[in-house]
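Below is one structure, written out as structure tokens; the observations come after it.
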């Protein structure tokens, strides 16, 4: 199983600012995924990040709001831009193995005030 | 698209069995998973089942899959207070994981 480290684990940010979340995997993976979990809700896929190409965004999520970088096969970042209180959520990165499922980082708990 | 449904709450007494249910809509789902999320923590993969299986057992966990009814269940035997958490089922559909809303399991001593 992959070991995934996310930073920061939590943050409180002012509205209008941006936060970049980092995700490091202990092995090389082709695809990395970013999810959002709003308070009391399930997980929603934001985008899929492939190394060497632009991220693929799900319906309702746009690159200007959630720019993603994927500079190599073990690392990715998600930026939450121009934040508002509605962006307060847990953001999780994951890597997926079709046979054994997705492995998740511990998440970044973001509060926007 | 795929729709995955779970009941929101389940309360059991310590030592009893817990059964968490999940229904899904897309019969082409290949892999189905159960995750556990403890307060303030990320998601932990508990177990998974391939769509050509009916049952999978792993220690205290038993997964049952009824493909005809598109129904998945997770049974936890001898439930302990440490099992209190939110349990998510997820199905793999079109290369993406679709999650249910999560079932909050409360275990009373």
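Residue numbers (this note's numbering), protein chains in the order written: chain C, 5 to 117; chain Z, 7 to 115.
C-beta atoms are modelled at their ideal positions from N, C-alpha and C, and glycine is treated no differently.
Residues that DSSP places opposite residue i in a beta bridge
| i | result |
| --- | --- |
| residue 48(C) | 40(C) |
| residue 105(C) | 101(C) |
| residue 24(C) | 83(C) |
| residue 59(Z) | DSSP, once it has assigned bridges, lists no residue as partnering residue 59(Z). |
Under 7 Å by beta carbon: chain Z residues contacting residue i
| i | result |
| --- | --- |
| residue 129(C) | For residue 129(C) there is no data in the structure shown, the boundaries of chain C being 5 and 117. |
| residue 46(C) | 94, 105, 106, 107, 108 |
Chain-ordered chain Z contacts of residue i [CB-CB under 8 Å]
| i | result |
| --- | --- |
| residue 49(C) | 102, 103 |
| residue 96(C) | 48, 49 |
Residue i versus residue j - alpha carbon distance
| i | j | result |
| --- | --- | --- |
| residue 37(Z) | residue 71(Z) | 11 Å |
| residue 106(C) | residue 99(C) | 6 Å |
| residue 57(Z) | residue 74(Z) | 11 Å |
| residue 24(Z) | residue 80(Z) | 8 Å |
| residue 108(Z) | residue 52(Z) | 14 Å |
| residue 102(Z) | residue 36(C) | 11 Å |
| residue 66(Z) | residue 33(Z) | 27 Å |
Residue closest to residue i, alpha-carbon to alpha-carbon, out of the options
| i | options | result |
| --- | --- | --- |
| residue 18(Z) | 61(Z), 88(Z), 49(Z), 101(Z) | 88(Z) |
| residue 25(C) | 95(C), 33(C), 116(C) | 95(C) |
| residue 14(Z) | 83(C), 71(C), 44(C) | 44(C) |
Members of the stretch 78 to 110 of chain Z near chain C, C-beta cut-off 7 Å: Under the 7 Å Cβ criterion, the stretch 78 to 110 of chain Z contributes 94, 98, 102, 103, 105, 106, 107, 108.
Interface positions of the stretch 39 to 61 of chain Z facing chain C (Cβ-Cβ less than 7 Å), listed along the chain: Flagged, chain order: 39, 47, 48, 49, 51, 54.
Chain-ordered residues of the stretch 66 to 86 of chain C with a beta carbon less than 9 Å from chain Z: Here the close residues number zero.
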